[in-house]
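Numbering (the working numbering), first residue to last: 878 to 2027.
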């Protein structure tokens, strides 16, 4: 059977498995468990009738793959990958006290360092050496028992002699021994019960342990291969000896415990009280392998073991799958028995408190012997986001990122670095999916890598970086190309002694205006090159002339209108009083230009329920006046003078109004609200004042009162997983789309604060905020005591942040590519201009580019983003960002210069837009297919030849599978039963304008062990991977995803820590209702609160603090964010998904 041939990999993803006790677990694919929500993944592959295979000769060990034969093993190749059939050393569980060796510690020769990929200068790749490492022509098989080869010797793939009796079995065996491969296995016998197999988040048979090999830069970009075994073939740290033998019996720090040893410090059983040992695969039929099935069902047993040997079998200690047993060919160790007859792995001794597995399975005549150990792909041997982030911080965090060179890939968004603008825009303004783009459209289609830029035109810079300079060219305005209208930038070429310039975008030659003329130096540069920001910097601003203004007149300063729902719910919850109290002080912090003493922004106030109340707060009045408009069908503003006022001039009248509003409506019985007329009123007020502005609307319920834009409750969870599911994301009526269009034309931006106690149709109410460039904030089941702090922080930041009004953005590109698609919160009336009534410092616009011609490697490709906007002082400005990219004729160069975080940002937005028009399953399948094509193209065209059993990933895309799986499992694409329709619509809109740093932490949350924090330093504790098995019962963890902060407290946390952090004496007294941590005077409390404050400061929204006690009902919500594990809504674990991706890639390649 050829290696690429498809055979069966055990049962399909869609089989039931025992869940945690206490709740149903949906299956991954087709069939769902009774009572479980329907999963959205299709079943991966159905079972096939098993091939019966001949028995191998004595002395052949399926676990080894080949008969031991002296074949050279090259260790100087940086991809010295293990043979596809080498099982690799599975780890022994750590003794309770023995932590793994510290990364970077040197190990004696012959011992393998268990580094989690912390080698090298490129994240997780090549060691920093001057000469690129040479790679042998083919990946080398690692043959157990073979003699070590001198490191310098190149090796060739050794041919085997003519087929002997066993060679056919070996071939069959090889074909099955690959991760995610689909090797033949017999269907389960009728008598085999699934109930006895405990679940595991990724258990694999002997054939599926993962080897991770980094790759060299000498042939194509660095790559990562995941095949069998642990990371044995890693280039060592400088100064660390290269292992030249097989793993010795015991690795320092990894001594196998005696059978009764308890759990190591890094694992704990699930909180329902049921321990969670790994699944136990049965022995394979002789001569046949069990391919690692993804573990959303118990490992499929090809031939059940004889009952005699099963009687006393107990699975190992909880989480022993994390560190499997050591290699099979060593002398016996305490608690382990030797392999017998080659068919079985070692057996772990009986463990107390575990039930036996496979009771009463029939005997198919296999020779009796101990059953195999629990085996699975070791999560430490697959690419770790934590490690990649850490490596990038160490390698790139200390040096400033200088933007003078074309096509430089910036440090990751998770790295703290400083930017020096020397001609290209800072990555804080623009990030690209690839910094080296294919020269032809055919090459781009072949790779399937989307070419996109995530642009944040008004991004906030850290204090040590300079804001863009403002250039004033007087009445003549900015210098531009005559033909394409591109703005003067560092890439324009001056010719004829400086009298003309050639456009870098369209090659047209334009006369230099006389006032702008300057001589050139001997290199052809203008003499004033460094004096002019537009000639030497990537980002700068021009003062716009009157030609750039609406109706050819300069704009008035913008206005803010606060529109407060005063219906029964809003008043009763205390919300109205809270808003009025806050506004009294907040109005002193309206945004203003750098040197202005007070803000130029004027303010107005409206309250509403079924009717609207306008307030005259003119400074000359002693008391505010209220005017009621009850004809909501034909909205108008009843007063002009006195509605929009200067805060300082009308301070006393405004204060009086804000005191009176809560009292006026204290006894209201009105429960119904309107919504569209409220926006219309604000729009009319701005029109009358002839200015742009922002409406801050505070709204509590579905607008069911008779009025334009009236909505009905259409929430229907039965539509989930049907073709009509897309209607849940679409607005109920086109009324709001038309209203949004009118708002954009006036420059009326809407920010919406929602306080729902039930469904209020975010998909429809969000249309106007979304299309006007505004924001939505949602506080479900708002309670004053727990939610006010978060709401007030959001409101303060929203009112104070930098915002541009009446904005239009256009992206120009050099010949060969053009902007074809746009994602974000905006409106488009044509194919090129992105229009936003308001654009703040947190919003991004994602732009996709396509080829319309060939590009050349010499000239590269250029982007220029020009944003025309009105500042908060009423000044019309142009902000320009330029970026130059490389172009390539080799796919390897494309894959070497990609940015996975930006790619995921684009893919998520693409998918989240897709759910508006296609069934969710179609969107998910398209995502998986595109990523499989990206990785298959790399494998086919850039990676060195190697066994199909290896999964090979490009170095800078090795996290694509784990991040993509997080997107697929997100609430929009795969909701759990507790996720509401409104939540999904809210998240969908939120993600669409997120920047790369926000999507990074949103899809792969940050998990910090607080108990490991150093109270004397300012640094954060080292993050850990998002998996339940990384948590220890004795520790406290913090998880943040940009919207929430969870503090998880293990049941065995020391009483002193609980006292120090929560101010109570025991675990049971910790309150779940805390919305902030108590302020206690001790180092641990101060440290944790400073960490929380630091994280809050990094995010654009104030994150909700949720205290989660282990084994508490809230823990289910917390586990939803442990994204490397299988999710309750049916999402795959990282290990499973990696195997699925591997299978998809192999299908594409074959």
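Every residue gets a Cβ at the ideal spot worked out from N, C-alpha and C, and that includes glycine.
- Cβ-Cβ separation between residue 1812 and residue 1837: approximately 7 Å, consistent with a contact (criterion under 8 Å).
- In this structure, residue 1918 lies near residue 1882, with their beta-carbon atoms less than 8 Å apart.
- The residues 1509, 1510, 1551, 1553 and 1554, in chain order, have a CB closer than 7 Å to that of residue 1584 in the same chain once the five nearest residues on each side in sequence are set aside.
- Residue 1808 sits in a helix when the DSSP states are folded into three classes.
- Along the segment 1488-1564, the alpha helix (DSSP H) occurs as fully enclosed runs of 4 or more residues at 1528-1541, listed in sequence order.
- Going by beta carbons, residue 1922 and residue 1969 fall inside the 8 Å limit.
- Look at the beta carbons and you see the segment 1494-1504 not touching the segment 1468-1476: under three pairs across the two are nearer than 8 Å.
- Residue environment for residue 1821: buried (at least 16 other C-beta atoms within 10 angstroms of its C-beta).
- By the Cβ neighbour-count rule, residue 1786 is buried, with 16 or more other Cβ atoms within 10 Å of its own.
- For residue 1788 against residue 1639, the beta-carbon gap comes to about 19 Å, at or over 8 Å, which does not count as contact.
- Inter-segment contact for the segment 1478-1486 and the segment 1510-1522 is present: three or more beta-carbon pairs are separated by less than 8 Å.
- Here the segment 2002-2009 makes no contact with the segment 1948-1957; the two share fewer than three CB pairs at distances below 8 Å.
- For residue 1648, the enclosing alpha helix (DSSP H) covers residues 1644-1648.
- If you draw a 10 Å sphere on the C-beta of residue 1261, you find 16 or more other C-beta atoms in it, and that means buried.
- Residue burial is scored here from C-beta neighbours: residue 1754 has at least 16 other C-beta atoms within 10 angstroms and is therefore classed as buried.
- Minimum Cα-Cα distance from residue 1637 among the listed residues 1668, 1587 and 1597 corresponds to 1587.
- For the 8 Å CB-CB criterion, residue 1570 and residue 1414 do not form a contact.
- Within the segment 1665-1740, complete beta strand (DSSP E) segments of at least 3 residues are found at 1680-1690, 1694-1700, 1711-1717 and 1722-1728, given in chain order.
- With respect to the C-alpha of residue 1976, the residue from 1964, 1879, 1539 and 1307 having the closest C-alpha is 1879.
- In this structure, the alpha-carbon of residue 1358 lies about 8 Å from that of residue 1378.
- A distance of 8 Å or more separates the beta carbons of residue 1310 and residue 1334.
- Considering only 1946, 1451 and 2027, the residue with the shortest C-alpha distance to residue 1989 is 1946.
- The DSSP-derived three-state label of residue 1296 is strand.
- It is roughly 12 Å from the alpha-carbon of residue 1525 to the alpha-carbon of residue 1461.
- If you ignore the 5 residues before and after residue 1939, its C-beta comes within less than 7 Å of the C-beta of 1947 and 1955, all in its own chain and listed in chain order.
- In this structure residue 1365 is buried. Its beta-carbon is surrounded by 16 or more other beta-carbon atoms within 10 angstroms.
- Within the DSSP secondary-structure output, residue 1765 pairs in a beta bridge with 1315.
- For the pair of segments examined, the segment 1742-1759 was found to touch the segment 1683-1701: the number of CB pairs separated by less than 8 Å reaches three.
- Counted as a single uninterrupted DSSP element, the alpha helix (DSSP H) harbouring residue 2013 occupies residues 2011-2026.
- Under the three-state reduction of DSSP, residue 1571 is assigned to strand.
- Per DSSP, the beta bridge partners of residue 1309 are 1330.
- Within the DSSP secondary-structure output, residue 1370 pairs in a beta bridge with 1379.
- In the three-state DSSP reduction, residue 1632 falls in the coil class, being neither helix nor strand.
- Rounded to whole angstroms, the separation of the alpha carbons of residue 1664 and residue 1734 is 55 Å.
- Going by beta carbons, residue 1633 and residue 1657 fall inside the 8 Å limit.
- Counting C-beta atoms within 10 angstroms of its own C-beta, residue 1728 has 16 or more neighbours from the protein chains shown and is therefore classed as buried.
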